[in-house]
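Colleague: Numbering (full-length UniProt numbering), first residue to last: 1 to 1128. In this text, a Cβ means the ideal position worked out from N, Cα and C, and glycines have one as well. Source: prediction; values computed, not measured.
So, in structure tokens, the structure goes:
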């Protein structure tokens, strides 16, 4: 599918995600485009001798192109010196307002030529020379009122946001839309004639166009998520209703740059283009660049003759027309349109956020595709309507971006699920399971076939080469790519494989992962031409056609020619999945030495985890301090809705002390009756994980604050989670708006004091502005003046969308402007918006963030007259509290990621330990060595059991799984002691064992690994806090046998783990016996072990005496019948 001179995309897996890949492909495509352009130019103006299909096939090989040829091509596209005749163009110096360039039809369109029979009338050239020429002051051409508007626009920072400017010619009073943009040498003014009867000519008409766009945007936003096809189908219908073209299509760019029509709305008698694919050369890279600069492009009549631009000879190069709405189409494109029966077109760019791989900018914008409109006769739509279409495209891009992200997440989850199942097969069984069972490696990525070459045996799936052909591919890989870890290509022929021709169409693309020098994983793809069908019933790819005429048929043929030897490209996400599986397979084949090194890595990873928990504990303590001293009201409830957190600011506002508030029900005791439902819903959402923001609740006032009657607080709900990520309560960060609320109530209730309230300088009055039904500003209160730095005289009468918010108060990009336009017009249409996040830059350059509430304004008769808006600006204290909250969430998330990573990665070295032990067990070992192996196996099982605990939804509440087996008590003692030997040596402590000999051979029934875990945890803590050096730790074991009611014999085992001195710190002991309040990882471990012991009907006490302290552990274990006979 690729049409570029680098041929197929071939990557060594070592560098498969190179961020420069996209840029390299674009540069290569520029070269091909330039070569095709030169061939077309040489073929003559008619283009009849230009065989497009053959040219695309011929000129996509890797041939160099002279730099001058590329420069000439780009200059022709961007600085062609021609415009369309439906308007005229003037370019001025922005300091002197004097003309530096003009189109030759300017005199005629502006009305400076009069028709007369007198022979004394000067020629056209003479009139043009006298009236419009280089150096003419543009203000002499238009009425004085129009000149005022132009001068005002020229001084604007964002000149394009004021488009269009409605001006009148001084010669005949005709109206024009003036569309302005800046270039390197001045300002370009595109003048499009406006019909006086055109409803879009007035401000009300322009607003009506925006309202139509808002209606379409609302329709897009109301669609169910997860369906990109439905979104595209809806947008073509909306655009066709808005712009009234005969055909509207969504044209998507694939990763290899070729295009596809994915949605279409058309006149019934037109043939469909849905499903049609185009080669990348159909829309050159230079044109794609232009679409990112000027997102809406209209061609009124492809048959019309272009008009030349005359410019000042002192300009060093032709005028840049990239941003001009009048720029003439290239002859090649005009011929294409004419051949397909499309006389007029409107093309709009669909821009989304780019991937991180596509450049250094995190939110780089990417041209995803185009919305293309065709008409079978000349058609022009006014600029306000095109501007409304551009707003619709921005909203479509935002919605599409969300859908694509959702789709990518679903795909990633599916790949991860498949990857997990494949990994499980690899770890449990022979690697051949990934090709002999379901799911297989074909389910990991989209492919036509896959194969495993393992230990010299060939395991094929689907469409694959023969075994001989595959071994030939392996030899070629080792000879040409032996220093890499793999290869991916969409064309084996272009990648240089000599036997590609013998594989025919069955295998074109291949991805291979090197496991060892003799073991490989392969995925294969066929060429996609067989899957691609022409959308029209009248046209079939086998039908004869005039291939020399450029049209969709010849484009489709060119596309088929290009893809015959090439498959779909391998996407980065697919290569990541392959690479991950490759790493797991390589690890499973590692030898004993590698396994040993992994065990060392495991120990280091454990240290990192412990350090991370320490850091998290410190952050938690600091958070508690900041919350207590915060100037914003912060309170928390448990899962039952009862207060368990109440800071000083909350006490001050509500009038309840911490002691009085604790334990009260938020909904039933503290919230006013009319806020109970809202609060209950807010609480339920948060306990389910949905954190609502900016919700207003009304609280009762107590004690010294009872005079307030009620306290209004806008709160953000934040889930409180324990260390297992389980939601255990809700924290509310609030902002007191009681003063503003009281003022706003007065505003609503006392209509006579409207002006006094709105324009009061009181700090309690929020920033307020209002608009009429045409979105022009009618109110701008004192608080708004202070916030923005602009007075009423700067904004009254100007449009809120574009002029005020956009030019005067700058926004962050077109997306922000689109969202604000939707909110404002919804309010004017009767749909109120509450707490909409709204941000802008004020006069001083400060970035202001707030929440916008927009409500409809009505007159006495109830008719809507505009919109009333006010802003809630968060106090610095609230912003600080929210920032702290965000930091805490980020830290917790990062630690959770680290924990998840450790839990996953630690399994691999554990498998290595198991494998190494199995190898040792198969050798000749002495009794001591066998005992060492048993101890190692016991420790490995203990780690695995602990890792299993981490996956429980709640370690505190979920029951631990107990697995009862028969075992020797002596084995437990050896495994427990092995876990403290290194700390004993490091701290120079002596270990004393007081263990009866019969204990070592005493067999009992129980969960060996859990008992081992419990005793090891208690012993490790005794060693950790024993006095050093010259200290000691003693293990004392005392067994007692007792017969129970059912006739069975039970062994009661008493363990005393003793050390001199003070022993464990009191806080740690508290953590152990109050497991819901632990603050350290040691406390968590002790608490969990105590819980497990209770599940086994055991018990533990920690006893501190004058000169020593010890753990006293009692275990009750049944004895097997065989052991009972031996004891008797």
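With a cut-off of 8 Å on the beta carbons, I'd call residue 526 and residue 505 a contact; round off their distance for me.
Modeller: Stepping through the chain shown from its first residue, residue 526 is reached at position 526. Stepping through the chain shown from its first residue, residue 505 is reached at position 505. About 6 Å; that satisfies the 8 Å criterion.
Colleague: If you measure between the beta carbons of residue 711 and residue 670, is that distance less than 7 Å?
Modeller: Taking the chain shown and counting its residues from 1, the one referred to as residue 711 is at position 711. Taking the chain shown and counting its residues from 1, the one referred to as residue 670 is at position 670. No, they are not a contact pair.
Colleague: How is residue 143 classed by DSSP in three states: helix, strand or coil?
Modeller: Sequence index remark: in the chain shown, residue 143 carries index 143 (1-based). Residue state, collapsed to three classes: coil.
Colleague: Report back the beta-carbon spacing between residue 383 and residue 164 to the nearest angstrom; my notes put them in contact at under 8 Å.
Modeller: Position 383 of the chain shown, counted from the start, is the residue given in the question as residue 383. Position 164 of the chain shown, counted from the start, is the residue given in the question as residue 164. Contact flag correct, Cβ pair sits at about 5 Å.
Colleague: At what residues does the beta strand (DSSP E) containing residue 1043 begin and finish?
Modeller: Your numbering for residue 1043 matches position 1043 in the chain shown. That run of the beta strand (DSSP E) goes 1032-1043.
Colleague: If you draw a straight line from the C-alpha of residue 169 to the C-alpha of residue 192, how long is it?
Modeller: Locating residue 169 in the chain shown gives position 169, counting from the first residue. Locating residue 192 in the chain shown gives position 192, counting from the first residue. The alpha-carbon atoms of residue 169 and residue 192 are separated by roughly 12 Å.
Colleague: Please identify the residue among 943, 215, 934 and 802 whose C-alpha is closest to the C-alpha of residue 153.
Modeller: What you label residue 153 is simply residue 153 of the chain shown in a count that begins at 1. Looking at the Cα atoms, 802 is the closest of the given residues.
Colleague: Who does residue 994 pair with in a DSSP beta bridge?
Modeller: Sequence index remark: in the chain shown, residue 994 carries index 994 (1-based). DSSP, once it has assigned bridges, lists 1036 as partnering residue 994.
Colleague: According to DSSP, simplified to helix, strand and coil, what is residue 297?
Modeller: As a first step, residue 297 is located in the chain shown; it is residue number 297 there, counting from the start. Strand at residue 297.
Colleague: Among 632, 682, 521 and 250, which one has its Cα closest to the Cα of residue 397?
Modeller: Stepping through the chain shown from its first residue, residue 397 is reached at position 397. The option with the nearest alpha carbon to residue 397 is 250.
Colleague: Could you give the first and the last residue of the continuous beta strand (DSSP E) run that contains residue 373?
Modeller: Numbered from 1 along the chain shown, position 373 holds the residue referred to as residue 373. Per DSSP, residue 373 belongs to the beta strand (DSSP E) from 365-375.
Colleague: Return the chain-ordered list of same chain residues with a C-beta closer than 7 Å to the C-beta of residue 1021, the five sequence neighbours on each side being excluded.
Modeller: For this step, residue 1021 is matched to residue 1021 along the chain shown. Result list for residue 1021: 1064, 1082 and 1086, in chain order.
Colleague: The alpha helix (DSSP H) that contains residue 784, what's its start and end?
Modeller: Here residue 784 corresponds to residue number 784 of the chain shown, with the count starting at 1. Segment 782-788, the alpha helix (DSSP H) holding residue 784.
Colleague: Quick test of the definition: if touching needs 3 or more C-beta pairs under 8 Å, does the segment 167-182 touch the segment 104-114?
Modeller: yes
Colleague: With distance defined between alpha-carbon atoms, name the residue in 240, 732, 805 and 376 nearest to residue 161.
Modeller: Residue numbering aside, residue 161 sits at position 161 when the chain shown is read from its first letter. Residue 161 has its Cα closest to that of 805, out of 240, 732, 805 and 376.
Colleague: Grab me the residues of residue 189's own chain with a C-beta within less than 6 Å of its C-beta, minus the 5 sequence neighbours each way, in chain order.
Modeller: Locating residue 189 in the chain shown gives position 189, counting from the first residue. Here the set comprises 90, 178 and 180.
Colleague: What separation, rounded to the nearest whole angstrom, lies between the Cα atoms of residue 1005 and residue 1111?
Modeller: For the purposes of this step, residue 1005 is taken as the residue at position 1005 of the chain shown. For the purposes of this step, residue 1111 is taken as the residue at position 1111 of the chain shown. Whole-angstrom Cα-Cα distance: 23 Å.
Colleague: Just to confirm, are residue 1002 and residue 969 a CB contact at a threshold of 7 Å?
Modeller: For the purposes of this step, residue 1002 is taken as residue 1002 along the chain shown, with counting starting at 1. For the purposes of this step, residue 969 is taken as residue 969 along the chain shown, with counting starting at 1. Taking 7 Å as the Cβ cut-off, residue 1002 and residue 969 qualify as a contacting pair.
Colleague: Tell me the DSSP bridge mates of residue 308?
Modeller: Locating residue 308 in the chain shown gives position 308, where the first residue counts as 1. Partner residues in the beta bridge of residue 308, as assigned by DSSP, are 82.
Colleague: Between the alpha carbons of residue 1114 and residue 1015, how many angstroms are there, rounded?
Modeller: On the chain shown, position 1114 is the one that residue 1114 refers to. On the chain shown, position 1015 is the one that residue 1015 refers to. When rounded, the distance between both Cα atoms is 11 Å.
Colleague: Span of the beta strand (DSSP E) holding residue 1113?
Modeller: Position 1113 of the chain shown, counted from the first residue, corresponds to residue 1113. First-last of the beta strand (DSSP E) with residue 1113: 1108-1118.
Colleague: For the putative contact between residue 369 and residue 252, defined by C-beta atoms under 8 Å, what is the C-beta separation to the nearest angstrom?
Modeller: Walking along the chain shown from the start, residue 369 turns up at place 369. Walking along the chain shown from the start, residue 252 turns up at place 252. Contact holds; Cβ gap of about 4 Å.
Colleague: If you follow the alpha helix (DSSP H) that residue 660 is part of, which residue opens it and which one closes it?
Modeller: Numbered from its first residue, the chain shown carries residue 660 at position 660. Start and end: 658-661.
Colleague: Between which two residues does the alpha helix (DSSP H) containing residue 1073 stretch?
Modeller: The residue given as residue 1073 occupies position 1073 in the chain shown. Element bounds for residue 1073: 1066-1073.
Colleague: To which residues of the same chain is residue 380 closer than 6 Å at the C-beta, ignoring the five residues directly before and after it?
Modeller: On the chain shown, residue 380 is found 380 positions in, with the first residue counted as 1. Contacts found: 86 and 300.
Colleague: So, using beta-carbon positions, are residue 490 and residue 567 closer together than 7 Å?
Modeller: The residue given as residue 490 occupies position 490 in the chain shown. The residue given as residue 567 occupies position 567 in the chain shown. In contact: residue 490 and residue 567 (Cβ atoms closer than 7 Å).
Colleague: From which residue to which residue does the beta strand (DSSP E) around residue 1054 run?
Modeller: The count along the chain shown starts at 1 and reaches residue 1054 at position 1054. Here the beta strand (DSSP E) through residue 1054 covers 1049-1060.
Colleague: Is residue 1085 helix, strand or coil by DSSP?
Modeller: Residue 1085 sits at position 1085 when you count from the first residue of the chain shown. DSSP places residue 1085 in helix when its eight states are reduced to three.
Colleague: Evaluate the contact criterion for the segment 90-107 versus the segment 308-316: three or more CB pairs, one atom per stretch, below 8 Å.
Modeller: yes
Colleague: Which residues mark the beginning and the end of the beta strand (DSSP E) in which residue 1096 is found?
Modeller: In the chain shown, residue 1096 corresponds to position 1096, counting from 1. Element bounds for residue 1096: n/a, residue is neither H nor E.
Colleague: Since residue 327 contacts residue 321 with CB under 8 Å, what's their CB separation in whole angstroms?
Modeller: Indexing the chain shown from 1 puts residue 327 at position 327. Indexing the chain shown from 1 puts residue 321 at position 321. Right, their Cβ atoms sit about 4 Å apart.
Colleague: To the nearest angstrom, how far is the alpha carbon of residue 592 from that of residue 576?
Modeller: For the purposes of this step, residue 592 is taken as the residue at position 592 of the chain shown. For the purposes of this step, residue 576 is taken as the residue at position 576 of the chain shown. Because residue 592 sits at a pLDDT of 34, beneath the cut-off of 50, its placement in the model cannot be relied upon, and the point is left open.
Colleague: Using the Cα positions of residue 80 and residue 264, report the straight-line distance between them to the nearest angstrom.
Modeller: Indexing the chain shown from 1 puts residue 80 at position 80. Indexing the chain shown from 1 puts residue 264 at position 264. Going from the Cα of residue 80 to the Cα of residue 264 covers about 32 Å.
Colleague: Determine the DSSP secondary structure at residue 481, reduced to helix, strand or coil.
Modeller: By one-based count along the chain shown, residue 481 stands at place 481. Residue 481 falls in the helix class under three-state DSSP.
Colleague: Taking 7 Å as the cut-off, decide whether the C-beta atoms of residue 644 and residue 638 are in contact.
Modeller: Here residue 644 is taken as the residue at index 644 of the chain shown, counted from 1. Here residue 638 is taken as the residue at index 638 of the chain shown, counted from 1. Taking 7 Å as the Cβ cut-off, residue 644 and residue 638 qualify as a contacting pair.
Colleague: State the DSSP-derived secondary structure class of residue 505, mapped to helix, strand or coil.
Modeller: Start at 1 with the first residue of the chain shown, and residue 505 comes out as number 505. Looking at residue 505 - three-state DSSP - the assignment turns out to be coil, as it is neither helix nor strand.
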